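Chemist: Before I ask anything, here is the structure I am working with.
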Ligand code: DHB
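Residue numbers (mature numbering (1 follows the signal peptide of the UniProt record, and there is no 0)): -21 to -1, 1 to 465.
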């Protein structure tokens, strides 16, 4: 009896403790502070709901939190840009860079942070145009509990929080527009492609995510670093002939994510690896069964030539044409043929010489497991792993050092587009700089072509001379978001 009583009390205390440890997922509209700052000569006032832990059972609560900002005018019954407090779309930018852990974006700009700094221009502009802003932090690769698909699952859980609380919050959670750059762009595409898919359910359940769906309305992605298990082939298909490189070294100094340059030349062994990867690419492209606008299959031959290559170059051509139309002088560059102001052709090889190689082969699944992506595919106990059979074969590694196929699958949006169990976002705006060498052009081209072939609304371009970066055309971005929301 005594033992029973003791264990009952113990159980009761544990229950109370658990209830306290569990985070409430009901949005409290009274918990805000008023913030303001000048944007384009106008005072922007917002209600700020910050540091909301968006899961019931957080693992890294310092990252699994959400900042929500609402323009003050909405609380006076005013309209902004045609939107009301009920109809305003929700802009959902993430600050993920390098697949590192990320804090949510903030209204008041923090000191420099992450590879793209603490720049919050996108959220200020979004708010000034009447969008509600919700930005979530997410776990990342440097933490044992941040391995794939943790960061993505976190962002999904934040979306579920917004949808779960739709009636209690300003804005329309049926109109969520995700936005991110690089690894954050990858996250944005993954949110758009994999929504509601059962593969992620056990992870969401373990976190105690709100009981809601996680599909979103639209995706804005800048230079998404995606399709990782095929990106090594795409990179060498493009840069095979370029042997000098300027490599970016990623480091984490006192929590700050840094990128530094290191120059070098590929040795014979690396050139051999590049040749093998380049040779393997056509079979991958041909297996996708992608179609051009006329319904013709997009292919590459054994040399890596074909209409898929022409499609990639057509985007470069369009980019150069647009640059000329805005006054950029391209008459002196040796890789473009121009006649009467019209771009006739772009020389692929010369264009790659102008671009320069950044990464050494394999660009993503590094043979010595040294890439950021190797760390993405680790586990709680194994920090870095391979994610391609090529790397396993090339290094004669024990196949157990290869990430599980489900973990690899869950980080690639291409695997979910067209899967009936996923709800793909309807609208996509993808930008990849025409001088971005962090991944091959084929990577975004495969993404948008896959989506286009399945009937999704695509706005895709390679902005001229742009390196690896994002949020550089925000006025155009919000013209696009307005066009899909109204
Ligand atoms: C990022 C850049 C890369 O080149 C990469 O491989 C992964 C992530 C980034 O900037 O987020």
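Glycine residues also receive a C-beta, built at the ideal position from the N, C-alpha and C atoms.
A quick note: this is a predicted structure, and the numbers were derived from the prediction, not measured.
With DSSP collapsed to three states, give me the class of residue 339.
Modeler: Here residue 339 is taken as the residue at index 360 of the chain shown, counted from 1. In this structure, residue 339 counts as coil in the three-state DSSP scheme.
Chemist: Within 10 angstroms of its Cβ, does residue 212 collect 16 or more other Cβ (buried), or is it exposed?
Modeler: By one-based count along the chain shown, residue 212 stands at place 233. Buried, since its Cβ has 16 or more Cβ neighbours within 10 Å.
Chemist: Are the beta-carbon atoms of residue 44 and residue 163 separated by less than 8 Å?
Modeler: Along the chain shown, one-based indexing puts residue 44 at 65. Along the chain shown, one-based indexing puts residue 163 at 184. No.
Chemist: In this structure, how does DSSP classify residue 138 when only helix, strand and coil are distinguished?
Modeler: Position 159 of the chain shown holds residue 138. In the structure shown, residue 138 sits in a helix (DSSP, three-state: H, G or I).
Chemist: Hey, could you find the ends of the beta strand (DSSP E) residue 160 is sitting in?
Modeler: As a position in the chain shown, residue 160 is number 181, starting the count at 1. Here the beta strand (DSSP E) through residue 160 covers 155 to 160.
Chemist: Measuring only the C-alpha atoms, how far is residue -1 from residue 434?
Modeler: Here residue -1 refers to the residue found at position 21 of the chain shown. Here residue 434 refers to the residue found at position 455 of the chain shown. Its pLDDT being 47, under 50, residue -1 is placed unreliably by the model, and nothing is read from it.
Chemist: Quick check on residue 66: does DSSP put it in helix, strand or coil?
Modeler: The residue given as residue 66 occupies position 87 in the chain shown. Three-state result, residue 66: coil.
Chemist: Check whether the region 116 to 123 touches the region 34 to 50, counting contact only when three or more Cβ pairs, one atom from each stretch, lie closer than 8 Å.
Modeler: Flag = yes, the region 116 to 123 and the region 34 to 50 touch.
Chemist: Provide the residue(s) that pair with residue 188 in DSSP beta bridges, ordered along the chain.
Modeler: As a working note, residue 188 is residue 209 in the chain shown. Answer is 34, bridged to residue 188.
Chemist: For residue 365, write down the residues that DSSP places opposite it in a beta bridge.
Modeler: Counted from its first residue, the chain shown places residue 365 at position 386. DSSP, once it has assigned bridges, lists 381 as partnering residue 365.
Chemist: What span of residues does the alpha helix (DSSP H) with residue 14 cover, start to end?
Modeler: Residue 14 sits at position 35 when you count from the first residue of the chain shown. Looking at the DSSP string, residue 14 is not in any alpha helix (DSSP H); the run it does join, the beta strand (DSSP E), is 12 to 18.
Chemist: Using three-state DSSP, classify residue 86 as helix, strand or coil.
Modeler: Within the chain shown, numbered from 1, the residue matching residue 86 stands at position 107. Coil at residue 86, not helix or strand.
Chemist: For residue 459, does the three-state DSSP call read helix, strand or coil?
Modeler: By one-based count along the chain shown, residue 459 stands at place 480. Helix at residue 459.
Chemist: Just to check, is the beta-carbon of residue 247 closer than 7 Å to a non-hydrogen atom of the ligand DHB?
Modeler: Taking the chain shown and counting its residues from 1, one reaches residue 247 at position 268. Result no, Cβ not under 7 Å from the ligand DHB.
Chemist: Taking the continuous beta strand (DSSP E) assigned at residue 316, which residues delimit it?
Modeler: Start at 1 with the first residue of the chain shown, and residue 316 comes out as number 337. First-last of the beta strand (DSSP E) with residue 316: 315 to 318.
Chemist: Quick check: the Cα distance between residue 421 and residue 148, rounded to an integer number of angstroms?
Modeler: Walking along the chain shown from the start, residue 421 turns up at place 442. Walking along the chain shown from the start, residue 148 turns up at place 169. Going from the Cα of residue 421 to the Cα of residue 148 covers about 40 Å.
Chemist: For the beta strand (DSSP E) that residue 407 lies in, which residues bound it at each end?
Modeler: For the purposes of this step, residue 407 is taken as the residue at position 428 of the chain shown. Counting along the chain, the beta strand (DSSP E) containing residue 407 begins and ends at 406 to 410.
Chemist: Any idea which residues DSSP pairs residue 50 with across the strands?
Modeler: One-based indexing of the chain shown puts residue 50 at position 71. Paired residues: 25.
Chemist: Starting from residue 75, trace the alpha helix (DSSP H) in both directions and tell me its first and last residue.
Modeler: Counting from 1 along the chain shown, the entry for residue 75 is found at position 96. Taken as a continuous stretch (DSSP letters only), residue 75 belongs to no alpha helix (DSSP H), as it is neither H nor E.
Chemist: Flag this pair as touching only if the region 264 to 274 and the region 370 to 386 have three or more C-beta atom pairs under 8 Å; answer yes or no.
Modeler: Judged by Cβ distances under 8 Å, the region 264 to 274 makes no contact with the region 370 to 386, as fewer than three pairs qualify.
Chemist: Count the other CB atoms, across all protein chains shown, that sit within 10 Å of the CB of residue 22; report buried if there are 16 or more and exposed otherwise.
Modeler: Position 43 of the chain shown, counting from 1, holds the residue named residue 22. That one is exposed.
Chemist: Note down, in chain order, each residue of its chain lying with its Cβ closer than 8 Å to the Cβ of residue 167, except the 5 sequence neighbours on either side.
Modeler: Here the question's residue 167 lines up with position 188 in the chain shown. So the list reads 73, 157, 158, 159, 198, 199, 200, 203, once near-sequence residues are dropped.
Chemist: Since I believe residue 195 is in contact with residue 174 (beta carbons under 8 Å), could you give me their beta-carbon distance rounded to a whole number of angstroms?
Modeler: Your numbering for residue 174 matches position 195 in the chain shown. Your numbering for residue 195 matches position 216 in the chain shown. Right, the Cβ-Cβ distance comes to about 6 Å (below 8 Å), so this counts as a contact.
Chemist: According to DSSP, is residue 280 part of a helix, a strand, or is it coil?
Modeler: Here residue 280 refers to the residue found at position 301 when the chain shown is read from its first residue. Residue 280 falls in the coil class under three-state DSSP.
Chemist: If residue 208 and residue 151 are in contact, beta carbons under 8 Å, what's the gap, nearest whole angstrom?
Modeler: Here residue 208 refers to the residue found at position 229 of the chain shown. Here residue 151 refers to the residue found at position 172 of the chain shown. Between residue 151 and residue 208 the Cβ distance is about 36 Å, and since that is not below 8 Å, they are no contact.
Chemist: On the three-state DSSP scale, how would you describe residue 481?
Modeler: Any answer about residue 481 is impossible in this case: the structure gives the chain only from -21 up to 465.
Chemist: Using DSSP's beta-bridge definition, name the partner residues of residue 242.
Modeler: Walking along the chain shown from the start, residue 242 turns up at place 263. Answer by DSSP bridge pairing, in chain order: 225.
Chemist: Kindly confirm or deny that the region 221 to 233 and the region 178 to 185 touch, where touching means at least three C-beta pairs closer than 8 Å.
Modeler: Touching, no.
Chemist: Could you tell me if the beta carbon of residue 227 falls within a distance shorter than 7 Å of some heavy atom in the ligand DHB?
Modeler: Working through the chain shown from its first residue, we reach residue 227 at position 248. Checking every heavy atom of the ligand DHB against the Cβ of residue 227, one is found closer than 7 Å.
Chemist: So, do the region 46 to 61 and the region 101 to 116 have three or more beta carbon pairs nearer to each other than 8 Å?
Modeler: At 8 Å Cβ cutoff, the stretches touch.
Chemist: Bridge partners for residue 201 per DSSP, in chain order?
Modeler: By one-based count along the chain shown, residue 201 stands at place 222. DSSP output for residue 201 lists 160, 410 as bridge partner(s).
Chemist: Report all residues from its chain with a CB closer than 7 Å to the CB of residue -7; omit the five preceding and five following residues, and keep chain order.
Modeler: Taking the chain shown and counting its residues from 1, the one referred to as residue -7 is at position 15. In this prediction, residue -7 has a pLDDT of 43, which is less than 50 and means its spatial position is unreliable; what the coordinates show is noted afterwards. Hits under 7 Å: none found.
Chemist: Classify residue 276 as buried or exposed, calling it buried when 16 or more other Cβ atoms lie within 10 Å of its own Cβ.
Modeler: Counting from one through the chain shown, the residue named residue 276 turns up at place 297. By the neighbour-count rule (16 or more Cβ atoms within 10 Å), residue 276 is not buried but exposed.
Chemist: Suppose you measure from the CA of residue 210 to the CA of residue 256; what does that come to, to the nearest Å?
Modeler: The residue you call residue 210 lines up with position 231 of the chain shown. The residue you call residue 256 lines up with position 277 of the chain shown. Their Cα atoms are separated by approximately 10 Å.
Chemist: Just verifying my parser: in three-state terms, what is the DSSP assignment at residue 193?
Modeler: The residue labelled residue 193 in the question sits at position 214 within the chain shown. It is coil, neither helix nor strand.
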